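Those protein sequences? They're chains A and B, same order as listed.
With the numbering used here applied, the first sequence closes on residue 201, and no number is skipped along the way.
With the numbering used here applied, the second sequence closes on residue 134, and no number is skipped along the way.
Positions of the beta carbon are idealized from the N, C-alpha and C atoms, including for glycine.
Here the structure is a predicted model, which is why all the values come from computation and not from measurement.
Encoded as structure tokens, the structure appears first; notes follow it.
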Amino acid sequence: KNEVEQSPQNLTAQEGEFITINCSYSVGISALHWLQQHPGGGIVSLFMLSSGKKKHGRLIATINIQEKHSSLHITASHPRDSAVYICASTNPIQGAQKLVFGQGTRLTINP
Amino acid sequence: DGGITQSPKYLFRKEGQNVTLSCEQNLNHDAMYWYRQDPGQGLRLIYYSQIVNDFQKGDIAEGYSVSREKKESFPLTVTSAQKNPTAFYLCASSILSPLAGGPNEQFFGPGTRLTVL
């Protein structure tokens, strides 16, 4: 069974700090997704990656296939980055369309 | 603007009543999904559909039903058989990968918060 674990569950930091959120998964995957959920509930897809590293603005996502681990980094964090960050995986066994979600990391950035 | 809409945003239901949540997309996506989110838990898949007039059960389909009569629409009915329906419901859609088994980015709607009174 594929399981996705995130750490930490909650993270509070000061504006400007470098943020790292971690995600581990238990079986080989097709892709690893990072999602952002704002307090209103809507979810935005940030990254989908199956190897290496992707960067978008101040956000960087990395994945280590051998270690079954991915990280989401936020540089120069800002209060507007406060949200729940969710990682999710798809794997060939369960099918490419079925996402398995972590529990989320609640990030709070204080001014 | 292209996107996914869900309505209503908040829904209240009395115990024993069926209720239907709407999900519409104008992204021309083939695949659509329904997820349930409970506090402290990850999203869980209820149903998904890859093509009109076809859909598959997800991990927690009991007490729910769906239809896919049009490509743009994937309504979810929460029936009275669902024992604990109070939750946040999210609809999503994606293209189907041209490569069999390939992953795709999913686009999410704003969600419907259902409360059973």
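Identification of chain A residues near proline 25(B) by a Cβ-Cβ cut-off of 9 Å yields none; the smallest Cβ-Cβ distance measures about 13 Å. Not one beta carbon of chain A lies nearer than 7 Å to the beta carbon of glycine 20(B). For the pair glutamine 54(B) and cysteine 108(B), the CB atoms are not nearer than the 7 Å cut-off. DSSP places valine 117(A) in no beta strand (DSSP E); its state is neither H nor E. Non-local C-beta neighbours of arginine 170(A) in its own chain, meaning closer than 7 Å and more than five positions away in sequence, are absent. Identification of chain A residues near leucine 60(B) by a Cβ-Cβ cut-off of 7 Å yields Phe191, ordered along the chain. Looking at the DSSP output, lysine 143(A) sits in a beta bridge with Thr152(A). A Cβ-Cβ distance of about 6 Å is found for the pair leucine 134(B) and lysine 31(B), placing them in contact under the 8 Å criterion. One thing to note: serine 172(A) has its Cβ within 7 Å of the Cβ of isoleucine 199(A). Residue contact with chain A for glutamate 122(B): present (Cβ-Cβ distance below 7 Å to some residue of chain A). Within chain A, no residue has its beta carbon less than 7 Å from that of glycine 33(B); the closest one is some 26 Å off.
Here DSSP, grouped into helix, strand and coil, assigns arginine 30(B) to strand. In the DSSP assignment, glutamate 95(A) falls within the beta strand (DSSP E) that extends over 94-97. Between the alpha carbons of histidine 168(A) and lysine 145(A) lies a gap of roughly 17 Å. Within the stretch 146-175 of chain A, contact with chain B at the beta-carbon level (separation under 7 Å) is assigned to no residue.
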